[in-house]
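Residue numbers (the numbering used here): 40 to 516.
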């Protein structure tokens with residue numbers, strides 16, 4: 040896991056030292072001592088004026104902080120967490136204007152005290168939003184954040200970041216967030232913590248092109264993150280090949296079983312055949328995939344549908360049981376970048392009526408457009424061989440399918456489109472996004488921008504190298 044750790048009052052004894060300095064100065068000032076032991080030094084512990092508090096604080100903080108000690112157990116337990124395989128990300132709010140050079144000061148202190156870490160992030164501890172710690176936690180995929188500030192912990196908590204608040208008198212009004220008193224408790228919490236897996240359904244036209252097989256394998260290799268509720272077969276067809284959708288569905292179904300068996304994934308009651316035609320052709324039948332999508336959506340608090348083919352099954356499930364839109368989120372690879380000259384991307388054009396149903400349902404949705412966005416995932420056969428060849432029988436098979444999938448001829452270079460959806464679910468920080476009013480679909484199948492409809496998310500860019508590095512690492516394991 041990625042563990043986010045504040046410095047002051049979590050690693051360092053900041054308040055302890057600051058309190059001693061305040062007491063010394065109080066004797067010089069008016070010698071009334073502590074009047075409210077539950078308050079913070081800067082917020083009512085002493086009977087000082089605001090001007091007296093902040094004049095003393097700002098004149099002395101730069102001298103106090105470099106000489107702080109490490110809280111008992113912090114160094115040892117951070118080392119244990121790192122040895123246990125966790126990533127240590129120190130997130131400090133010291134870039135707040137109070138220090139002449141917070142970067143050098145902090146790095147020097149951590150080195151002198153022997154604090155191990157993988158990444159050091161500076162924020163302004165007084166600010167929320169884009170410059171705040173919660174946003175940095177999201178950007179760095181933090182699994183648990185440890186801080187002493189009730190405000191910061193509350194913001195993290197509200198953004199669904201698991202949070203521990205380090206106990207001190209001035210933060211005890213916060214009662215909802217898990218509270219710890221020492222590093223032994225922190226270590227115990229993290230050791231026993233099991234991150235809740237994300238419920239997903241993969242809707243895939245698996246035999247159509249090699250990218251589906253890569254995506255399925257990539258998903259199966261990330262079962263520590265995902266609870267794979269079902270794999271449903273999406274329809275596909277090609278005008279130049281005399282196969283019915285029922286026949287291609289059978290091919291996809293068998294392909295799913297093959298890859299799942301390679302990776303020891305139990306397929307019983309997990310793989311379901313879907314639609315055997317498109318809604319735009321008048322298809323409106325019940326099938327196993329549609330019924331399973333509805334069943335899983337109703338069972339869970341939240342389920343993500345990862346759609347990497349024609350969106351027919353999803354549309355039919357929503358049409359049959361509209362209430363599921365409050366319990367699902369659709370992540371779909373389909374269409375092209377808004378404004379792109381060619382409107383008829385494959386997943387989109389196969390069943391435009393299905394796209395309209397999903398758009399009009401107001402379901403929460405993220406779209407990964409193909410051209411000018413996911414097309415950045417173009418890769419060549421030699422790079423695949425250099426990274427995956429002979430790593431496993433599955434890896435060799437994927438390379439073979441990349442070179443010639445049977446439908447699209449021999450290719451030495453092409454995009455592995457569908458892995459983008461899996462990567463987006465693994466780490467959204469590898470992607471840029473933009474929220475827009477859901478576009479309408481015109482008669483010529485192009486998008487028409489709107490300004491008064493429900494919001495959907497469009498992916499606008501991706502980090503190709505991070506996605507492929509992760510893919511190669513996972514498939515090669």
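For every residue, glycine included, the Cβ atom is placed at its ideal position computed from N, Cα and C.
Which value, in whole angstroms, describes the spacing of the CA atoms of residue i and residue j?
| i | j | result |
| --- | --- | --- |
| residue 192 | residue 53 | 18 Å |
| residue 77 | residue 84 | 7 Å |
| residue 183 | residue 201 | 5 Å |
| residue 498 | residue 463 | 9 Å |
| residue 503 | residue 384 | 21 Å |
| residue 172 | residue 180 | 12 Å |
| residue 431 | residue 446 | 25 Å |
| residue 59 | residue 194 | 30 Å |
| residue 436 | residue 457 | 17 Å |
| residue 448 | residue 441 | 10 Å |
| residue 340 | residue 50 | 37 Å |
| residue 387 | residue 427 | 31 Å |
| residue 467 | residue 380 | 27 Å |
| residue 413 | residue 473 | 15 Å |
| residue 250 | residue 274 | 15 Å |
| residue 392 | residue 485 | 13 Å |
| residue 92 | residue 487 | 58 Å |
| residue 280 | residue 302 | 31 Å |
| residue 276 | residue 360 | 27 Å |
| residue 162 | residue 177 | 13 Å |
For residue i, which residues of its own chain have a beta-carbon under 6 Å away from its beta-carbon, when the five flanking residues on both sides are left out?
| i | result |
| --- | --- |
| residue 422 | none |
| residue 292 | 272, 312 |
| residue 299 | 306 |
| residue 450 | none |
Given a cut-off of 8 Å, decide if residue j and residue i are closer than it, judged by their beta-carbon atoms.
| i | j | result |
| --- | --- | --- |
| residue 154 | residue 102 | no |
| residue 328 | residue 307 | no |
| residue 364 | residue 344 | no |
| residue 346 | residue 396 | no |
| residue 356 | residue 333 | yes |
| residue 509 | residue 382 | no |
| residue 270 | residue 309 | yes |
| residue 434 | residue 515 | yes |
| residue 120 | residue 257 | no |
| residue 237 | residue 370 | no |
| residue 496 | residue 477 | no |
| residue 389 | residue 322 | no |
| residue 342 | residue 240 | yes |
| residue 453 | residue 417 | yes |
| residue 530 | residue 43 | This structure does not reach residue 530, given that the chain is present from 40 up to 516, and the question cannot be answered. |
| residue 295 | residue 255 | yes |
| residue 469 | residue 420 | no |
| residue 151 | residue 100 | no |
Excluding the 5 residues flanking residue i on each side, which residues of the same chain have their C-beta closer than 7 Å to its C-beta?
| i | result |
| --- | --- |
| residue 285 | 315 |
| residue 331 | 269, 271, 311 |
| residue 48 | 54, 187, 205, 207 |
| residue 290 | 246 |
Tell me whether residue i sits in a helix, a strand or coil according to DSSP, three-state version.
| i | result |
| --- | --- |
| residue 371 | strand |
| residue 306 | coil |
| residue 49 | coil |
| residue 353 | helix |
| residue 194 | helix |
| residue 343 | strand |
| residue 82 | coil |
| residue 16 | Because the chain spans 40 through 516 in this model, residue 16 falls outside it and cannot be assessed. |
| residue 462 | helix |
| residue 486 | strand |
| residue 471 | strand |
| residue 422 | helix |
| residue 407 | strand |
| residue 133 | strand |
| residue 414 | helix |
| residue 181 | coil |
| residue 101 | helix |
| residue 40 | coil |
| residue 155 | coil |
Got a sec: is the Cβ-Cβ distance from residue i to anything in chain B below 8 Å?
| i | result |
| --- | --- |
| residue 50 | You won't find chain B in this structure, because it holds only one protein chain. |
Please work out which residues of its chain come closer than 8 Å, Cβ to Cβ, to residue i, disregarding the five sequence neighbours upstream and downstream, and give them in chain order.
| i | result |
| --- | --- |
| residue 61 | 80, 84, 85, 95 |
| residue 165 | 132, 135 |
| residue 105 | 144, 147, 148 |
Going by the C-beta, is residue i closer than 7 Å to any heavy atom of the ligand GDP?
| i | result |
| --- | --- |
| residue 162 | You won't find the ligand GDP in this model; it holds no ligand whatsoever. |
Cβ contact (3+ pairs, closer than 8 Å) linking the stretch 254–268 and the stretch 202–222: no
Touching by the beta-carbon criterion (3+ pairs, under 8 Å), the stretch 241–256 and the stretch 225–233: no
The stretch 58–71 / the stretch 195–209 touching (three or more Cβ pairs under 8 Å): No, because fewer than three Cβ pairs between the stretch 58–71 and the stretch 195–209 fall closer than 8 Å, the two stretches do not touch.
Cβ pair count under 8 Å reaching 3, the stretch 400–407 against the stretch 370–388: yes
The stretch 137–147 in contact with the stretch 110–128 per 3-pair CB rule at 8 Å: No, they do not touch.
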